[in-house]
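Going from the sequence shown to the working numbering is simple: count from 1 and add 122.
Cβ coordinates follow ideal geometry from the N, Cα and C atoms, glycine included.
Okay, so here's the structure we're looking at.
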Amino acid sequence: LTELEELFDYLKTLQVRDYEFNPTLARGLAYYTGPIYEIYLKKSKVVFSVAGGGRYDDFIGNFLGKNQQIPATGIAFGLEPITEAIKLSKKGFEKSVSQIYVIPIKTAQKSLEIAQQLRGAGFRVDIDLMQRSLSKNLDYASKLGIGYVVIIGEIDLQNRQGTIRNMETGKEQKISIKDITKFQFK
123 LTELEELFDY LKTLQVRDYE FNPTLARGLA YYTGPIYEIY LKKSKVVFSV AGGGRYDDFI
183 GNFLGKNQQI PATGIAFGLE PITEAIKLSK KGFEKSVSQI YVIPIKTAQK SLEIAQQLRG
243 AGFRVDIDLM QRSLSKNLDY ASKLGIGYVV IIGEIDLQNR QGTIRNMETG KEQKISIKDI
303 TKFQFK
């Protein structure tokens, strides 16, 4: 009981309010040595847990062949319930969270630096490092709903510039690499 009281005190201190205590919950009793938990999605039609875990102080010591307790806690996620939840949410995997997709054309090293500059300015950036053709990269960005691509070719680098393409309108414009983070990616 002392351990449970301590757990509830920690939850209160951390202002965790959205939990449910279930004294009948049982998971892998062979190796758990303390509190166990299961994680459910709030606004989902999936009614089973998407993750679970707990405290297992004996597990690592036993694994190492030592009879010693090593404090540990862990969690495992279920790929199937998470995938099912995404499917049921109707959001799916088809859209990217990236705002900008950098397409290097024989300029991978410098393009990585430019991608990092854009990330440092607060943008969500993806980059092609698979050396796909320009048309395949544009198709990829379009399919994933990425709003802008930044094309960096060898001649662009010689001129210290890149090409920004608005994927919605198809309009392109050249921009100085030093000013690329100031561009209004909307």
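Other residues of its chain near G269: CB distance less than 8 Å, five sequence neighbours each side excluded: Working through the sequence shown from its first residue, we reach residue 269 at position 147. Same-chain partners within the cutoff: Q221, I222, N288, M289, E290, F307 and K308.
Coil, strand or helix - F199 by DSSP: Sequence index remark: in the sequence shown, residue 199 carries index 77 (1-based). It is a strand residue.
Burial state of N144, where buried means 16 or more other Cβ atoms lie within 10 Å: For the purposes of this step, residue 144 is identified with residue 22 of the sequence shown, where counting begins at 1. So N144 ends up on the exposed side.
Three-way DSSP call (helix, strand, coil) for I227 in this model: Along the sequence shown, one-based indexing puts residue 227 at 105. Three-state result, I227: strand.
Rounded straight-line distance, which links the Cα of I192 to that of V138: Taking the first residue of the sequence shown as 1, we reach residue 138 at position 16. Taking the first residue of the sequence shown as 1, we reach residue 192 at position 70. It is roughly 26 Å from the alpha-carbon of V138 to the alpha-carbon of I192.
Straight-line Cα distance separating N259 from Q253: What you label residue 253 is simply residue 131 of the sequence shown in a count that begins at 1. What you label residue 259 is simply residue 137 of the sequence shown in a count that begins at 1. Spanning the two alpha carbons is a distance of roughly 9 Å.
Contact set for P157: own chain, Cβ-Cβ below 8 Å, skip 5 residues either direction: Taking the sequence shown and counting its residues from 1, one reaches residue 157 at position 35. If we look at P157 and ignore the five residues flanking it on each side, its Cβ neighbours are E125, L126, L129, G176 and R177.
Three-state class that DSSP yields for D261 in the structure shown: As a first step, residue 261 is located in the sequence shown; it is residue number 139 there, counting from the start. In this structure, D261 counts as helix in the three-state DSSP scheme.
Contacting residues, own chain, Cβ-Cβ under 6 Å from V168 (five flanking each side not counted): For the purposes of this step, residue 168 is taken as residue 46 along the sequence shown, with counting starting at 1. P203, E206 and A207.
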